[in-house]
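Take 1 as the starting number for the sequence shown in the UniProt record's numbering and just add one per residue. From the three backbone atoms N, C-alpha and C, an ideal C-beta is built for every residue, glycine too. Read through the structure below, which is laid out as structure tokens, and then see the notes.
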Amino acid sequence: MEGVSATARWTAAARAEETRREDRLFTDALAADLAGPEGFARYERYANPGTTEFLAIRTRYLDDVIARHAGLAQVVLVAAGLDTRSARLDWPDGTVLYELDQPDLVEWKEKRLAELDARHRCDRRPVGTDLTGPWEEELAAAGWDQAVPTLWIVEGLLFYLPEAGAHGLLERLAFRSAPGSVLAGDLLGHQSMVSEFTQDGLRRLREDGCPWLWGTDRPEDVLAACGWRVADLKVPGEDGASYGRWPWPPLPRDTVGLPMNHLFTAAR
């Protein structure tokens, strides 16, 4: 999981840049302070056509998923990074939001949020853990109940894992999910790993110690094999994954040679 904390600063900077727009898709008043100079430097370093737009669309898509599943009182952000949904979204009374991430990142984030006097709108419970270890035990110790349906958010994580690790995590989430649970997140397309248009960006990520390792052009098959039934699958530009921000037509799923990302919602 080396390097993910640094990329959390990058995505925080992207949220800060989105917040500055008049036509912003969301507002994140804490993002700029959490990103810091390093985050904005990475934002510039990793800039590619479509990257900024996709990060904004992904955030808004998952915000909308959370709103649509407001009846699920347990929400878990898997590898939460510097996410601030606890402070920027309106949560129903009784919602418990668990934020899983590396202990050092959780410790730093807690200190910084306290310095910023962040006001959380739900019962927020950060959990410092290693996702390759027995994180379920630490999540349960924080109050999570496996018998209660959960909304799992896996945002900007799976492509940092080797294929076997990504499959293993999805399977563990399914195994620990009560009926009625929901999983939402993003899956990188395999074409994004091999396209000539992404190689400079992939090289920079490798140089910085946070390489993208895996993608799939058949996300529905991957999710099904891991125990999840796909309820919604979008590529940027489609209705529900554009928000007037994506500047190109949506790519057909069988497109070869062009980068592609997928946004999904799946049920247990």
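Residue i, buried or exposed, once every other Cβ within 10 Å from all chains shown has been counted against 16
| i | result |
| --- | --- |
| residue 256 | exposed |
| residue 249 | exposed |
| residue 164 | exposed |
| residue 156 | buried |
| residue 53 | buried |
| residue 219 | buried |
| residue 23 | exposed |
Neighbourhood of residue i by C-beta, 7 Å cutoff - its chain only, sequence neighbours within 5 removed
| i | result |
| --- | --- |
| residue 260 | 189, 191, 192, 235 and 251 |
| residue 110 | 126 |
| residue 94 | 73 |
Residue j beta carbon less than 7 Å from that of residue i
| i | j | result |
| --- | --- | --- |
| residue 182 | residue 267 | yes |
| residue 262 | residue 151 | no |
| residue 136 | residue 85 | no |
| residue 39 | residue 13 | yes |
| residue 55 | residue 78 | no |
Other residues of its chain near residue i: CB distance less than 8 Å, five sequence neighbours each side excluded
| i | result |
| --- | --- |
| residue 142 | 98, 125 and 127 |
| residue 161 | 169, 213 and 214 |
| residue 9 | 34, 35, 36, 38, 39, 42 and 82 |
| residue 196 | 257 |
For residue i, the first and last residue of its enclosing beta strand (DSSP E)
| i | result |
| --- | --- |
| residue 150 | 150-154 |
| residue 98 | 96-101 |
Range of the contiguous alpha helix (DSSP H) that encloses residue i
| i | result |
| --- | --- |
| residue 184 | Run containing residue 184: none in the alpha helix (DSSP H); it sits in the beta strand (DSSP E), 182-188. |
| residue 88 | 85-88 |
| residue 201 | 199-207 |
| residue 131 | It is not in any alpha helix (DSSP H) - residue 131 carries neither H nor E in the DSSP assignment. |
Chain-order list of residues whose beta-carbon lies under 6 Å from that of residue i (same chain, five-residue window excluded)
| i | result |
| --- | --- |
| residue 5 | 105 |
| residue 222 | 216 |
Would you say the segment 199-215 touches the segment 105-122, given that touching needs at least three Cβ pairs under 8 Å? no
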